[in-house]
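Each remark here refers to the structure printed beneath this line.
2 protein chains.
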Amino acid sequence: MDADGFDLEQFLPFRLNRAAEFIALRFAASYRAQYGLTRPEWRTLAALGSSGRMTATEIGVHSTMHKTKVSRAVFALEERRWLKRSRNGGDRRVEQLELTPAGVAAYGEVAGLARAYDAELAELLGEEGIEALSLGLSAVERAIASRRA
Amino acid sequence: MDADGFDLEQFLPFRLNRAAEFIALRFAASYRAQYGLTRPEWRTLAALGSSGRMTATEIGVHSTMHKTKVSRAVFALEERRWLKRSRNGGDRRVEQLELTPAGVAAYGEVAGLARAYDAELAELLGEEGIEALSLGLSAVERAIASRRA
DNA sequence: AATAGACAGTTACGTTTGAAACCATATTGA
DNA sequence: TCAATATGGTTTCAAACGTAACTGTCTATT
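Top to bottom, those sequences are chains B and A.
Note that numbering that gives the first Met the number 0 numbers the first sequence so that position 42 is 41, with each residue one more than the last.
Note that numbering that gives the first Met the number 0 numbers the second sequence so that position 140 is 139, with each residue one more than the last.
Here it is in structure tokens:
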């Protein structure tokens, strides 16, 4: 710890970022190698796969992704015919996004990788590690939700 | 949760990444606005400020940063005269990196921001939240350390 | 010694990123 | 009813990024 009372090793943003980077990187390598997906693409696919139907803005808020990232990921997934857009509702600025059957199938496959990685993580971190982490993340999630209000 | 048993909302890499992004982004905005530092630059400055003297490779391992990121951050900090290099030891490939007095001073100032943000976080997440998160991150850190072995 | 491989760090190059400007549509309020 | 302003999403452009190839040095094998 420094003279001025700041300790990098205890600084949460640093620790969180390092941990997230480490964990995400290893998983990204696998979906990247097998499906050629980028991180924003996988995250968009997963958001739609698990929530069914969302707008681009909703995806961004839900996953904390910049809107241009979402916009490009949506475009890429659309090009693969994994996603379709529609401007249904009264507000014609808004695009409803949804996976195509091919997209749903793809999502299922990548979700398989995800489950495998999850199991690997469970072993790597141990049960108490997982539980503590999950609890801590819930606190952050509450904070995110309240900050948005 | 999906038919195939994968639940994005429970998937640790996703939750961790979202949390880290959210928390890092707000902090990055402040050191960026006040000192014009990029994320790798702040992280490099902080690593040296708190550990005193490291090589580029050590910084990369310690902070999980790609070596080209470290290389560029070191260059940028050197340009600002916040950092100096020296090839002391027997191995002339290795560069010992160290902050200049100006660098130490700058580090002290940004560390002030960091402490303020830390306090803000403590309030935002609550004591139990912080503790659980810290415990969980320790598990990840052990995993990182063991993976490297 | 001489050669091959490993390793620290940099550079070149194509890709990804985000801030800001943009377009189109909605909403507000004068 | 018509500005003025806000919002969803895209595009532009300069900066940041990572892969792969590079330089220089070290180590191991012969």
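Note that CB positions come from ideal geometry on N, CA and C, so glycine has one too.
Which listed residue (the options) has its alpha carbon closest to that of residue i
{"i": "B:F74", "options": "B:N87, B:N16, B:P39", "result": "B:P39"}
{"i": "A:A55", "options": "A:Y30, A:A28, A:R86", "result": "A:R86"}
{"i": "A:L44", "options": "A:L24, A:E130, A:R14, A:R79", "result": "A:R79"}
{"i": "B:Q95", "options": "B:A115, B:S70, B:S145", "result": "B:S70"}
{"i": "A:K83", "options": "A:Q33, A:G51, A:R42", "result": "A:G51"}
{"i": "B:Y106", "options": "B:V93, B:V139, B:Q33, B:G88", "result": "B:Q33"}
{"i": "B:L64", "options": "B:R42, B:M53, B:S49, B:W81", "result": "Here residue 64 of chain B is Met; the residue named in the question, Leu, does not match the sequence. With distances taken between Cα atoms, B:M64 lies closest to B:R42."}
{"i": "A:G88", "options": "A:M53, A:G59, A:R114, A:Y116", "result": "A:M53"}
{"i": "A:V103", "options": "A:E77, A:W81, A:R31, A:A118", "result": "A:W81"}
{"i": "A:L7", "options": "B:F5, B:R92, B:G111, B:A72", "result": "B:G111"}
{"i": "A:V139", "options": "B:R146, B:A121, B:S145", "result": "B:A121"}
{"i": "B:E126", "options": "A:F5, A:V109, A:S137, A:V93", "result": "A:S137"}
{"i": "B:S49", "options": "B:R146, B:V109, B:D90", "result": "B:V109"}
Beta-carbon gap between residue i and residue j smaller than 8 Å
{"i": "B:F26", "j": "A:P100", "result": "no"}
{"i": "B:G128", "j": "A:G128", "result": "no"}
{"i": "A:I143", "j": "B:F21", "result": "yes"}
{"i": "B:E97", "j": "B:L47", "result": "yes"}
{"i": "A:R17", "j": "B:S62", "result": "yes"}
{"i": "B:A113", "j": "A:F10", "result": "yes"}
{"i": "B:A19", "j": "A:A19", "result": "yes"}
Where residue i sits in the DSSP three-state scheme
{"i": "B:R92", "result": "coil"}
{"i": "A:R84", "result": "strand"}
{"i": "A:R14", "result": "helix"}
{"i": "B:R79", "result": "coil"}
{"i": "B:L98", "result": "strand"}
Beta-carbon proximity list for residue i, same chain, < 7 Å, skipping 5 on both sides
{"i": "B:E57", "result": "none"}
Close beta carbons around residue i, own chain, < 8 Å, minus the five adjacent residues each side
{"i": "A:K68", "result": "P39, G59"}
{"i": "B:L124", "result": "L132"}
{"i": "B:Y116", "result": "R25, F26, S29"}
{"i": "B:E77", "result": "K83, R84"}
{"i": "B:R31", "result": "T37"}
Cβ-heavy atom distance, residue i to the ligand SAM, below 7 Å
{"i": "A:E108", "result": "This structure simply doesn't include the ligand SAM, nor any ligand for that matter."}
6 Å Cβ shell around residue i - same chain, five flanking residues per side excluded
{"i": "A:V93", "result": "T54"}
Sequence ranges, beta strand (DSSP E) only - wholly within the stretch 121-146 of chain B, length at least 3: Counting whole runs of 3 or more residues, the stretch 121-146 of chain B contains no beta strand (DSSP E) stretch at all.
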